[in-house]
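Visitor: The following block contains the structure, expressed as structure tokens.
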Amino acid sequence: MDAFAGQAPHGNTTFNIKVADETLNYRPATLTDPMPLGRQILQVTGATPVEEFSLFAILPSGDFEDLRLDEPFDLRGRGAEHFVYFRTDRDFKFTIDNKQLVWGKPIISGAVLRGLANFQPGYDLYLEVRGGQDIKVENRDIIDLNKPGIERFITVIAATTEGLTALPTADRTFLEGNGIAYEIVHDGVMAGVVLKAFPLPQGMFDYETADILIQLPAGYPDACPDMFFASPRLRFQDGRMPMNTEVDQVFAGRTWQRWSRHSQEWRAGVDGLRTMVARVRRALEAGR
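Going by UniProt numbering, the sequence shown opens with residue 1, and the numbers climb by one from there.
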């Protein structure tokens, strides 16, 4: 969602907002009240009778805030000037990258979901399937939010850095300072770093060490890597397979076990392989 100035210049009592219906087509609207009620926001959109609609403010974090008809919303300094409304008597809640969102109808398209996710270039959208294979969501797909398990979506990097030949200095210092052997590998235009003979939690898996692949996204280290991959394939000592590791992926001439572990929490200029190695260790120790 594009940034939009909510408050007019100082001394001007006009407040500009953007309001969308279920299609997410935003239209500009103007209010003179700095603390309009929910019904006032609906009225400027022409949504009548207002009692038949639900209204939500979309916060800068991407979360949705339910706004009742007679509840005031302070437009001064909130940073939330986008609203969406539905003709409905029920809300459907779900998350995209751990952001709580709501939708006013049981059906939503992949295109609208991608709009709600505020997509960055180079990412794909997936429905997270607990204990199974995540499902990629295309723009044309129609998702029934009524179905069990349709509640968590994630964004995943679709492409990785082209032409990377050396790690940033901070990454090299961290890996070498901690005695972690590594290798930069390529698969076409995609690059990754392999942590060689990475030690596994003692007594948990059928191997004591494994090579761990971390694919590096376009824009790394400012952009966040996603998931990691292991070789050889890991199982628990009792033969069970860890959750969400059933899929194999070929990269740089090797077959890797994909560990679908996603997080978009990333501090550009601060995080790097130190952060990713910590995430890998936590995932392996959790065994889930």
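Where is the CB? At the ideal position from N, CA and C, for every residue including glycine.
(1) Quick one: measure Cβ to Cβ for Q237 and D206, integer angstroms, because I've assumed they're closer than 8 Å.
(2) Suppose only complete runs of 3+ residues qualify. What are the beta strand (DSSP E) ranges in the segment 160-223, listed by chain order?
(3) Buried or exposed: A3, going by 16 or more other Cβ atoms within 10 Å of its Cβ?
(4) Report the three-state DSSP secondary structure of Q40 (helix, strand or coil).
(5) Counting only the same chain and skipping the five closest in sequence on each side, list residues whose C-beta sits under 6 Å from that of D70.
(6) For the pair the segment 222-233 and the segment 247-265, tell me if three or more CB-CB distances fall below 8 Å.
(7) Excluding sequence positions up to five away, which residues of its chain have a Cβ less than 6 Å from the Cβ of I180?
(8) I think A117 touches I96, with their Cβ atoms under 8 Å apart; what is that distance to the nearest whole Å?
(9) Pick helix, strand or coil for V102, following the three-state DSSP scheme.
(10) Under 8 Å: do the segment 197-215 and the segment 268-288 share three or more Cβ pairs, one atom per stretch?
(11) Would you tell me roughly how many angstroms separate the C-alpha atoms of D271 and F174, rounded to the nearest one?
(12) Ordered along the chain, which non-local residues of its own chain (more than five positions away) have a Cβ less than 7 Å from that of Q43?
(13) Can you list, in chain order, the residues of its chain whose CB lies under 8 Å from that of F153, leaving out five sequence neighbours each side?
(14) Around the C-beta of Q100, are 16 or more other C-beta atoms found within 10 angstroms, so that it is buried, or is it exposed?
(15) Using a 10 Å radius around the Cβ and a threshold of 16 neighbouring Cβ atoms, would you call M35 buried or exposed?
(16) What do you reckon, are the CB atoms on Q215 and G188 nearer than 8 Å?
Guide: Concretely, from the data shown:
(1) Confirmed, Cβ separation roughly 6 Å.
(2) Here the runs fully enclosed are 182-187, 190-199 and 209-215.
(3) Its pLDDT being 36, under 50, A3 is placed unreliably in this model, and the coordinates cannot settle the point.
(4) Q40: helix per DSSP, three-state reduction.
(5) The residues are L37.
(6) The segment 222-233 makes contact with the segment 247-265, as at least three CB pairs between them are under 8 Å.
(7) Same-chain partners within the cutoff: L195.
(8) 5 Å between Cβ atoms; contact.
(9) Three-state result, V102: strand.
(10) Taking 8 Å as the limit for Cβ pairs, the verdict is that the segment 268-288 does touch the segment 197-215.
(11) Taking the CA atoms as reference points, D271 sits about 12 Å from F174.
(12) Once the five neighbours on either side are set aside, the close Cβ partners of Q43 are V50.
(13) Counting only Cβ-Cβ distances below 8 Å, and skipping sequence neighbours, we find F94, T95, I96, D97, L113, A117, L125, Y126, L127, E128 and V137.
(14) Label assigned to Q100: exposed.
(15) With fewer than 16 other Cβ atoms from the protein chains shown falling within 10 Å of its own Cβ, M35 counts as exposed.
(16) It is not a contact, given that the beta carbons lie outside the stated cut-off.
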